Amino acid sequence: MDQLLVALDVDTRERALELADLLRGTAGGFKIGSRLFTSEGPSLVATLADRGDRVFLDLKYHDIPTVVAEAVRAAARLGTWMLTVHAAGGRVMLEAAADAARQRDRRPLVVGVTVLTSLDGAELGRLGVDRALPDQVDALADLATAAGLDGVVASPREVERLRARLGQAPTIVTPGIRGGVDAGQTGGDDQVRTLSAAEAVSAGASYIVVGRPIIASPDPLASARAIARELDARKPQETGDRRQEAGEA
Ligand code: C5P
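Written out as structure tokens, the structure is:
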């Protein structure tokens, strides 16, 4: 199932490759975040890409424009399929990231992170952001797409609104997926507001990112297959329903 991306939030190359080998064909790609990347480095990205896997490199670049552009080029050289930057890096940084990606033959998708799910309105206020959290998300999503990024990362609480706001073209990547298949298997969970995989795609997500419900499951392949089946079983008329309600094609 192309839309299911599995977060390889593990510490070792061995475990990451084991999971990738197990889930290849069921998952549409694998997310490598700062935890695994810091432990195991770029060679793991290249290994997975060389095996034909789509690698979503979630390092949330946020630096001066030239540094981010070079990081995007380096990620593209490794064979990265999609990567993240912080939209809060500003227009010039975002344009530099988008331009750097476009210069590659195998152009990676570049998506912008708006507001981290760990931040709330009070924390935004302490950072000097006075507008409400959803308004900040909207503003950063507008900035990211206007700067030429391919899309944004959006939590389940935002995906429907952002799809209506941004239209059909931008990629929207949504973490925070939970549902019946993983009930009770993710103790101590920090995902606050969740949607099931099918709900997230129906709300407008292009891709869903699922970590612990799969990788912490006693049977990761069965859990991944259950989510893939849930996505396959979506009634065709569900697709775009909410977008049509929002007045779009
Ligand atoms: O919760 P789960 O293990 O499915 O998380 C998958 C991905 O979702 C993580 O790799 C992280 O990037 C993201 N996440 C998030 N907000 C949280 C927890 C996880 O955006 N509160």
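Whatever position you read off the sequence shown (first residue = 1), add 16 for this note's numbering.
For every residue, glycine included, the Cβ atom is placed at its ideal position computed from N, Cα and C.
Bear in mind the structure is a predicted one, so any value in this text is a computation, not a measurement.
Does the distance from the CB of GLY192 to the CB of ALA213 come in under 8 Å?
-> no
For ASP235, which of LEU38, GLY44, ASP121, PRO81 has the nearest alpha-carbon?
-> The option with the nearest alpha carbon to ASP235 is LEU38.
Hey, how far is the Cα of PHE72 from the Cα of GLN152?
-> 25 Å
Heavy atom of the ligand C5P within 7 Å of ALA23 beta-carbon = yes
Using the beta-carbon count (16 or more within 10 Å), is VAL168 buried or exposed?
-> Buried is the call here.
Is LEU75 near THR100, with beta carbons less than 8 Å apart?
-> yes
ALA170 to LEU64, Cα distance in whole Å?
-> 25 Å
How about ALA92 and ALA117: do their beta carbons lie closer than 8 Å?
-> yes
Find out if the Cβ-Cβ distance for the pair ALA114, GLY164 is shorter than 8 Å.
-> yes
Mind reading off the beta-carbon distance from ILE48 to LEU24? Whole number of angstroms is fine, and I expect it under 8 Å.
-> 6 Å
Should ILE193 be listed as close to the ligand C5P, given that the test is whether its C-beta is under 7 Å from any heavy atom?
-> With a cutoff of 7 Å, ILE193 counts as near the ligand C5P, since its C-beta is closer than that to a heavy atom of the ligand.
On a CA-only basis, which of MET17, ASP18, SER59 is nearest THR28? Give me that one, please.
-> SER59
Spatial neighbours of THR202 in its chain, beta-carbon cut-off 7 Å, leaving aside the 5 residues before and after | Any answer about THR202 is weak, because its pLDDT of 47 lies below 50 and its placement is not dependable; what the coordinates show is given next. Beyond the five residues adjoining it in sequence on each side, THR202 comes within less than 7 Å, by CB distance, of ARG228, PRO229, ALA232 in the same chain, given in chain order.
DSSP state of ASP37, grouped into three classes?
-> helix
Please state whether DSSP places MET109 in a helix, a strand or coil.
-> helix
Do SER239 and the ligand C5P come close, with the Cβ less than 7 Å from some heavy atom?
-> no
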